[in-house]
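If you read the protein sequences in the order shown, they are chains A and B. All residue numbers for the first sequence refer to this note's numbering, where the first residue is 748 and numbers rise by one. All residue numbers for the second sequence refer to this note's numbering, where the first residue is 748 and numbers rise by one. Every residue, glycine too, gets a C-beta built ideally from N, C-alpha and C.
There are 2 protein chains.
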Amino acid sequence: MELKKRIDVAAGRRPADLVLKNGRIVNVLSCEIHAGDIAMSGDRIAGIGQYEGEETVDLAGRYVCPGFIDAHVHIESSMLSVPEFAKVVVAHGTTAVITDPHEIANVMGAEGIRFMLSSSKYCPIYVYFMASASVPASEFESAGGELRALDLHPFLSDRWVLGLAEMMNYHDVIAGDPESLDKLLLTDDRPIDGHAPGLTGRDLCAYVTAGIHTDHECTTLEEAREKLRLGMSIMIREGSQARNLDALLPLVQPDTLDRFMFATDDKDVDDLLTEGHVDHIIRRAVASGMNPVHAVKLATINPARHFGLDHLGAVAPHRLATFAILDDLEQCRVDRVYQAGRLVYADGQVLETDEGVRRPKMLRGSINVHWIEPEHFAINAPGEGEFDVHVIEVMEDRIDTGRSIARIRADGGQLHADPKRDLCKLAVVERHMASGNVGLGFVRGFGFSGGAIASSVSHDAHNLVIAGTNDHDMYVAAVHIVKIRGGFCVVKQGQVLGEVPLPIAGLMSTVDAQTLSGQLRVLHEAAQALDGKLRRPFMALSFLSLSVIGELKLTDQGLIDVGKFELIDLLVSGAPGGM
Amino acid sequence: MELKKRIDVAAGRRPADLVLKNGRIVNVLSCEIHAGDIAMSGDRIAGIGQYEGEETVDLAGRYVCPGFIDAHVHIESSMLSVPEFAKVVVAHGTTAVITDPHEIANVMGAEGIRFMLSSSKYCPIYVYFMASASVPASEFESAGGELRALDLHPFLSDRWVLGLAEMMNYHDVIAGDPESLDKLLLTDDRPIDGHAPGLTGRDLCAYVTAGIHTDHECTTLEEAREKLRLGMSIMIREGSQARNLDALLPLVQPDTLDRFMFATDDKDVDDLLTEGHVDHIIRRAVASGMNPVHAVKLATINPARHFGLDHLGAVAPHRLATFAILDDLEQCRVDRVYQAGRLVYADGQVLETDEGVRRPKMLRGSINVHWIEPEHFAINAPGEGEFDVHVIEVMEDRIDTGRSIARIRADGGQLHADPKRDLCKLAVVERHMASGNVGLGFVRGFGFSGGAIASSVSHDAHNLVIAGTNDHDMYVAAVHIVKIRGGFCVVKQGQVLGEVPLPIAGLMSTVDAQTLSGQLRVLHEAAQALDGKLRRPFMALSFLSLSVIGELKLTDQGLIDVGKFELIDLLVSGAPGGM
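What follows is the structure, given as structure tokens:
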């Protein structure tokens, strides 16, 4: 019996399976660094002290941290499949993540969540789930899935599902919307993650009293302080877009350490490869003056305790033998990683994963578009002359948008893009139910001189979104995304100049991280032929449909005034923007 | 629906049921003290900020703490029934305890635990249970109950049972004894309390790797430091006998705060009435220089988190409206107490408990003694002349014992007590199964000039224990305890001078705390007729049978050499001490 064997090893009656010697243990329980042999039995730590084993590894003074935990991440945002994501992050010392499969759930519904659950089973890291609570994000987006309380209920019986994912629709929670309350009640006191950007005062109290006890959207110290007081655990987020560490770190004091965790939320493959994952947050926190043991605590025992993962988070007997071994603590430089007693990363290589053993079957294709023709991208003018249209203003590295008005002269009965004034046309083609919905509008900020770009990644409904200077290139780009079953492409003069296929739900690649990163580099080089001025035009494009943030957005249903939370006409007074 | 109503209250759309205004909130989450109205809806906190309610209470600057939690207590040691214990401690701000019904389980087995569970249902405090793991304490004690893994299993389905109580038999755990391992395994990752006095090194690792994650037996800083490093949460105990705060407090640092809790373990009715309960520990910690908010944290959110009681432990929306309102924070002076939104203690009075609603049926009588006669207390000499006998040395305020040897001259074929040399006879009469077992020996330290005292409280098997200067008074005392169905008595020259009935399992009284305290005072006054020199002779008497601590102990089976953990003869070489 495993327990008997482990006790025998701890008591010194039989040799350990493996002993790590000469390590410096980063102890997040006693908040100190100390020496000690670590004796393992099976997947657990048996004892710490003086031990001999069947096998002994000399750590030569390296630091032994508990494996890092990302408290909140949407794996889809890496554009990698779960096993490939796992391989990238385990090399950075991450051994567990708590993920909300919110993106794939918007595309595939419950089937998407099941796919993520099954594809996470043969990974070098533990992938825990929160049941996606906000699908779709709003009634103005035609998503591929809709998850009501009854749809989420079965997932809460899965031992890898820890609770309910971020309740993004905080308006509904505060209003006491019955469907939202049903979701809260079905969790039966399990953890519920929050998403409450800028929420304060009574509204915040209403959100917290509903049982929502984390937030990863704090951007200011004052906001985080209020949430901390009200009992929320604060996830300090450093992702690709949103980076809140500098703002929030001053709030983290020794006696409130246990109320904070680190999270990445959304981080793309390139940032993961170049910066790292949770290790990057630790590194940055330490560089800002945080005690390294405290920083490691936020990345290990704190999320483990919050989510009830009692076997993780610390180097101590009885817990899983899951370690990030560091060459350098301040720099958080990962030398090797043990997961449940097995070496899974060393010498720059991820070792012996089980992924070859069994692979989940592929998802069905997710791109289900009603037959489209070039004329579907035409915006008909209501007559001759000039017309004022609403224009979305896109900005580098922001997920919100501005808005403006532009005057366009009708030409052949239509309103065209005008590259000279940096006015592109924007189209959103519904791609889940083949409804034929196409939303049309204008966008400024890409700076394209010609051509079009298209993407099947477009938060949160992930319909096809196409920005271009002419209808034909937009048409070709849209059709090409359908052909490659989702992804990104660049088109100019009817020719596809570059592509990145993302066949898993139109969100994720099937290739490894390095290959994907290479594909993305080639894509961005191809996009230079369009003379765009944004550094990351596809990232910008992917947020133009998110109807819950920014001033003006376009979904397949048409133009959304986000402030008024209603559909508006494309013409300032005139015909509707949608067809 | 309660959740909807609470959200409405928090959002300010409807008035709170009750608002506490002008309080200073002791916030154990943000580790600060701040202002704020506390709005309640039903049994929960809806919001903190600015609120109006159906009813408003002005706290006039008083401190609002979360209700205190005793992380580990044997309620039986108070000698009060659960409802009476609850009334005493709620007046000291305690609103929840985690109890191990270890004493009654030793007397009544599973029936005793069920009785405690049912009698805790109509109390002004929450009584959570840990399933008693060590009944009996050793094979040398004839207890009234024996709880094996299969006996404990049903209790773990009870929502008020949080896990497995202290694994006192640490020798068995470390040895990998199958029955102990079965108990550990059946908890299925729920909390398991530890009891590991002085355990260190590999043995301690073996104990921890078995899944045991708390300890309340630390007496030195070094001992606690090692346990902390290995992942144990440290319960700092201040009870009637064992007081460890002074020794351990220096280990509690701001960044390790979350690894400590306060507990009383065993505290009798008089100490509860005069000193207080958890409030007394807070008061002492603050007097020793601890930050008061930190001290309150060890008494509230820390045990709540450890035991997964997410609704308790903090003043924050969504949690139960359970508060200790203090006049003075440093002195921890309790003005009033709210439990789940209701005022349960104010103006020195415990208010509106439910105890009248329904009382559990009484336990069967627990004193089941084989017919005894005066001659059962005789110690026969093996012949004429003088004999060396082992003597238990009893000490004030200690539960361990010393040992010595005394030479006694046979008189009429028997060995008698010798008050001139402070040599009493000691008898332990089995009282559960009417087996007729009587253990006999000698004890020094009581200093009685005549008479006898008897008790049915004798750890852990709680057999009858009688110390006296002559066989007849010992006989009368033993018979009197049977007559009063358990308790304490004092006898001199065949007359009962004083008694305290403890009819609930021979451990607990049915009267209220003040009455019991009065009875105990009268008892101790009566005992003065015996000229004893111990301040608390009954406390000393009650530990003379505990076979797992001290040097020499007496059980109904005979004299125990605790170091060798074996039965020995009463005569240094000669006839056995038992009959």
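Is residue i close to chain A, meaning its C-beta is less than 7 Å from at least one C-beta of that chain?
{"i": "Gly978/B", "result": "yes"}
{"i": "Asn1049/B", "result": "no"}
{"i": "Pro1064/B", "result": "yes"}
{"i": "Val908/B", "result": "no"}
{"i": "Val811/B", "result": "no"}
{"i": "Gly794/B", "result": "yes"}
{"i": "Ser1320/B", "result": "no"}
{"i": "Ile754/B", "result": "yes"}
{"i": "Gly759/B", "result": "yes"}
With 16 other CB atoms within 10 Å as the buried threshold, where does residue i fall?
{"i": "Gln1275/A", "result": "exposed"}
{"i": "Ser1203/B", "result": "buried"}
{"i": "Phe862/A", "result": "buried"}
{"i": "Glu926/B", "result": "exposed"}
{"i": "Val1319/B", "result": "exposed"}
{"i": "Pro830/A", "result": "buried"}
{"i": "Asp1220/B", "result": "buried"}
{"i": "Gly1159/A", "result": "exposed"}
{"i": "Met1255/B", "result": "buried"}
{"i": "Asp936/A", "result": "exposed"}
{"i": "Met982/B", "result": "buried"}
{"i": "Thr710/A", "result": "Here chain A comprises residues numbered 748 to 1326, so residue 710/A is not present and cannot be evaluated."}
{"i": "Gly1297/B", "result": "buried"}
{"i": "Asp1005/A", "result": "buried"}
{"i": "His781/A", "result": "exposed"}
{"i": "Ile1114/B", "result": "buried"}
{"i": "Leu897/A", "result": "exposed"}
{"i": "Asp993/B", "result": "exposed"}
{"i": "Ala1042/B", "result": "buried"}
Can you find a C-beta in chain B that's less than 7 Å from the C-beta of residue i?
{"i": "Lys751/A", "result": "yes"}
{"i": "Val1229/A", "result": "no"}
{"i": "Val766/A", "result": "no"}
{"i": "Cys952/A", "result": "yes"}
{"i": "Ile921/A", "result": "yes"}
{"i": "Ile845/A", "result": "no"}
{"i": "Ile1307/A", "result": "no"}
{"i": "Ala880/A", "result": "no"}
{"i": "Val955/A", "result": "yes"}
{"i": "Ala1061/A", "result": "yes"}
Considering only DSSP beta bridges, list what residue i is partnered with.
{"i": "Lys1300/B", "result": "Ile1307/B"}
{"i": "Ile816/B", "result": "Ala843/B"}
{"i": "Ile772/B", "result": "His781/B, Val811/B"}
{"i": "Cys1171/A", "result": "Val1190/A"}
{"i": "Ser788/A", "result": "Arg791/A"}
{"i": "Arg1154/B", "result": "Asp1135/B"}
{"i": "Ala878/B", "result": "Leu911/B"}
{"i": "Asp1017/A", "result": "Bridge partners of Asp1017/A: none, in fact."}
{"i": "Ala1010/A", "result": "Arg984/A"}
> Between the segment 1023-1035 of chain A and chain B, which residues of the former have a C-beta closer than 8 Å to a C-beta of the latter?
Replying inline: none
> According to a CB-to-CB cut-off of less than 9 Å, which residues of the segment 770-783 of chain A neighbour chain C?
Replying inline: Here chain C cannot be found, since the structure's protein chains are A and B.
>> Please identify, using Cβ separations under 8 Å, the residues of the segment 984-1014 of chain A that lie next to chain B, in order along the chain.
In response: Gln1000, Pro1001, Asp1002, Thr1003, Leu1004, Asp1005, Arg1006
>> Please identify, using Cβ separations under 8 Å, the residues of the segment 1114-1129 of chain A that lie next to chain B, in order along the chain.
In response: none
> What are the complete alpha helix (DSSP H) segments, minimum 4 residues, inside the segment 1198-1230 of chain A?
Replying inline: 1218-1230
> Which residues, in chain order, does the segment 1190-1222 of chain B contribute to contact with chain A at a C-beta distance below 8 Å?
Replying inline: none
> If you scan the segment 1068-1102 of chain B from start to end, which runs of the beta strand (DSSP E) of 3 or more residues do you find wholly inside it?
Replying inline: 1070-1075, 1080-1086, 1089-1093
>> Please identify, using Cβ separations under 8 Å, the residues of the segment 926-949 of chain B that lie next to chain A, in order along the chain.
In response: Leu928, Leu931, Leu932, Asp936, Gly948, Arg949
> Can you list the alpha helix (DSSP H) stretches of 4 or more residues lying completely in the segment 904-948 of chain B, in chain order?
Replying inline: 917-922, 925-933
>> Counting only Cβ-Cβ distances shorter than 9 Å, please list the residues of the segment 1264-1282 of chain B near chain A, keeping chain order.
In response: none
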